[in-house]
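Engineer: Submitted below is the structure of interest, expressed as structure tokens.
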Amino acid sequence: MRYIMRHLLFLFILFFTILSVNSYGQIFVANSCDSTILTKEEFKKCLADTALNADIILATNYITNLKTDLLPKYRNLRRELRLSNELQNSLRQLKATYDTVLNTKLSTFLIEMDKNQKYVQPKAYLSSLLSLQTFKFYPDIYAILLNDIHLQLSPKTSISNLNIYIKLVDKISKSIHPDLYKRLDVITTSVLSDNDKLKNSGFSPLFQGSQNQEEKRKYQIINFLLWAE
Numbered sequence: 002m003r004y005i006m007r008h009l010l011f012l013f014i015l016f017f018t019i020l021s022v023n024s025y026g027q028i029f030v031a032n033s034c035d036s037t038i039l040t041k042e043e044f045k046k047c048l049a050d051t052a053l054n055a056d057i058i059l060a061t062n063y064i065t066n067l068k069t070d071l072l073p074k075y076r077n078l079r080r081e082l083r084l085s086n087e088l089q090n091s092l093r094q095l096k097a098t099y100d101t102v103l104n105t106k107l108s109t110f111l112i113e114m115d116k117n118q119k120y121v122q123p124k125a126y127l128s129s130l131l132s133l134q135t136f137k138f139y140p141d142i143y144a145i146l147l148n149d150i151h152l153q154l155s156p157k158t159s160i161s162n163l164n165i166y167i168k169l170v171d172k173i174s175k176s177i178h179p180d181l182y183k184r185l186d187v188i189t190t191s192v193l194s195d196n197d198k199l200k201n202s203g204f205s206p207l208f209q210g211s212q213n214q215e216e217k218r219k220y221q222i223i224n225f226l227l228w229a230e
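In structure tokens, the structure reads:
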């Protein structure tokens, strides 16, 4: 709990700082990369980091448009849905799993990312942090639970857990009434289209892998249902 509170405080300060920079027309300062202090590897990483200023702005603008434009547009549609008790219970189970896995991965990613960046790439760190936070604002079950890249990335997902996630997602998908599924397909196709327009600015979400169109449609429907759980 203490770690979570510190993390939330850091995010608040981060977003306030970024918005302040934008509001007052300021620019991000360049890294102070001193070759007499840093190792050769640290020096190279430090120099390369300044090029990521644009990534922070892209991620911030994407999040701003996501939270103030796209999501409010669909919130009432999600609230109007009437779901069976069985479906709601399965969604709550999946949402609890998603939140647990996401929080575990976030805490590990942030620690290891800073270490791998030799602690001298603050802009790369902030850019990745912002990108990871998008999964809290709107669920992405493929990116966090189903992408088999997590079989290699620390903290590793076990094959048995991956299979559990796949079975739970399939169970939910099959339990959606056909009429409701058709309606959700129309809604989420529109959500996906609007989200693609936001990403045209240059923002690229993490862990997207390779999904065929049928999988993407199924996952988008469940993401939409999880959004309010």
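With my numbering as the guide, the letters of the sequence shown map in order to residues 2 to 230. Every residue gets a Cβ at the ideal spot worked out from N, C-alpha and C, and that includes glycine. Keep in mind it's a predicted model, so treat the numbers as computed, not measured.
1. Can you give the beta carbon distance from Tyr99 to Ile142, rounded, assuming they're within the 8 Å contact cut?
2. Give every residue of the same chain whose Cβ lies closer than 7 Å to the Cβ of Leu92, excluding the five residues on either side of it in the sequence, and list them in chain order.
3. Buried or exposed: which applies to Ser205, given that a residue is buried once 16 or more other Cβ atoms fall within 10 Å of its Cβ?
4. I'd like to check one pair, Arg218 with Asp186: are the Cβ atoms closer than 8 Å?
5. If you draw a straight line from the alpha carbon of Ala125 to that of Asp50, how long is it in whole angstroms?
6. If I measure Cβ to Cβ from Met6 and keep anything under 8 Å in the same chain, skipping five residues before and after, which residues do I get?
7. Is the Cβ-Cβ distance between Thr37 and Leu131 less than 8 Å?
8. Among Leu107, Val102, Thr190, Lys46, which has the Cα closest to the Cα of Asn162?
9. Near Lys46, which residues of its chain fall below 7 Å by C-beta distance, leaving aside the five closest residues on each side in sequence?
10. Let me confirm a value: Ser24 is counted as buried when at least 16 other C-beta atoms fall within 10 Å, else exposed. Which label applies?
11. Classify Gln1: buried if its beta carbon has 16 or more other beta carbons within 10 angstroms, exposed otherwise.
12. For Cys47, which of helix, strand or coil comes out of DSSP?
13. Is the beta carbon of Asn1 less than 8 Å from the beta carbon of Phe110?
14. Once DSSP output is grouped into helix, strand and coil, what is the label at Ala97?
15. Tell me where the alpha helix (DSSP H) around Glu162 begins and ends.
16. Indicate the three-state DSSP secondary structure (helix, strand or coil) for Ile78 in the structure shown.
17. Between the alpha carbons of Phe138 and Thr40, how many angstroms are there, rounded?
18. Under the rule that 16 or more other beta-carbon atoms within 10 Å means buried, what is Leu133, buried or exposed?
19. Under DSSP, the alpha helix (DSSP H) around Asn224 begins and ends at which residues?
20. In whole angstroms, what separates the C-alpha of Ile58 from that of Leu107?
21. Hey, Asn66 and Leu199: beta-carbon distance below 8 Å or not?
22. Answer with buried or exposed for His151, where buried requires no fewer than 16 other C-beta atoms within 10 angstroms of its C-beta.
23. Quick check on Ile38: does DSSP put it in helix, strand or coil?
Structural biologist: Taking the coordinates as given:
1. Position 98 of the sequence shown, counting from 1, holds the residue named residue 99. Position 141 of the sequence shown, counting from 1, holds the residue named residue 142. The beta carbons of Tyr99 and Ile142 sit about 6 Å from each other, so the pair counts as a contact at 8 Å.
2. For the purposes of this step, residue 92 is taken as the residue at position 91 of the sequence shown. Within the same chain, Leu92 has close Cβ partners Ile173, Leu226, Leu227, Glu230.
3. As a working mapping, residue 205 is identified with position 204 in the sequence shown. Label assigned to Ser205: exposed.
4. The sequence position of residue 186 within the sequence shown is 185, counting from 1. The sequence position of residue 218 within the sequence shown is 217, counting from 1. Contact: yes.
5. The sequence position of residue 125 within the sequence shown is 124, counting from 1. The sequence position of residue 50 within the sequence shown is 49, counting from 1. Annotation: Ala125 to Asp50 spans about 6 Å, alpha carbon to alpha carbon.
6. Residue numbering aside, residue 6 sits at position 5 when the sequence shown is read from its first letter. A caution first: Met6 carries a pLDDT of 48, below 50, which makes its placement in the model unreliable, though a value can still be read off. Around Met6: no qualifying Cβ.
7. Taking the first residue of the sequence shown as position 1, residue 37 is located at position 36. Taking the first residue of the sequence shown as position 1, residue 131 is located at position 130. For Thr37 and Leu131, no; Cβs fall outside 8 Å.
8. Start at 1 with the first residue of the sequence shown, and residue 162 comes out as number 161. For the set Leu107, Val102, Thr190, Lys46, the Cα lying nearest the Cα of Asn162 is the one of Val102.
9. To locate residue 46, count along the sequence shown from 1; it is residue 45. So the qualifying residues of the chain are Gln118, Lys119, Val121, Gln122.
10. Mapped onto the sequence shown, residue 24 falls at position 23. Because the pLDDT at Ser24 is just 43, under 50, the model does not fix this residue reliably, and the value given afterwards should be weighed accordingly. Label assigned to Ser24: exposed.
11. Outside the displayed range of the chain (2 to 230) lies residue 1, so it cannot be described from this structure.
12. The residue given as residue 47 occupies position 46 in the sequence shown. In this structure, Cys47 counts as helix in the three-state DSSP scheme.
13. The shown model of the chain, from 2 to 230, leaves out residue 1, and the question about it has no answer.
14. Looking up residue 97 in the sequence shown gives position 96. In this structure, Ala97 counts as helix in the three-state DSSP scheme.
15. For the purposes of this step, residue 162 is taken as the residue at position 161 of the sequence shown. The amino acid at residue 162 is misidentified as Glu; the sequence shows Asn. Unbroken alpha helix (DSSP H) run through Asn162: 160-176.
16. Indexing the sequence shown from 1 puts residue 78 at position 77. Note that residue 78 is Leu in the sequence shown here, rather than Ile. In the structure shown, Leu78 sits in a helix (DSSP, three-state: H, G or I).
17. Numbered from its first residue, the sequence shown carries residue 138 at position 137. Numbered from its first residue, the sequence shown carries residue 40 at position 39. The alpha-carbon atoms of Phe138 and Thr40 are separated by roughly 38 Å.
18. Translated into positions along the sequence shown, residue 133 becomes position 132. When all chains shown are included, Leu133 counts as buried.
19. In the sequence shown, the residue the question calls residue 224 occupies position 223. Per DSSP, Asn224 belongs to the alpha helix (DSSP H) from 214-227.
20. The count along the sequence shown starts at 1 and reaches residue 58 at position 57. The count along the sequence shown starts at 1 and reaches residue 107 at position 106. Their backbone Cα atoms lie some 21 Å apart in a straight line.
21. What you label residue 66 is simply residue 65 of the sequence shown in a count that begins at 1. What you label residue 199 is simply residue 198 of the sequence shown in a count that begins at 1. Taking C-beta atoms as the reference points, Asn66 and Leu199 count as a pair closer than 8 Å.
22. Position 150 of the sequence shown, counted from the first residue, corresponds to residue 151. By the neighbour-count rule (16 or more Cβ atoms within 10 Å), His151 is buried.
23. The residue labelled residue 38 in the question sits at position 37 within the sequence shown. Coil, per DSSP.
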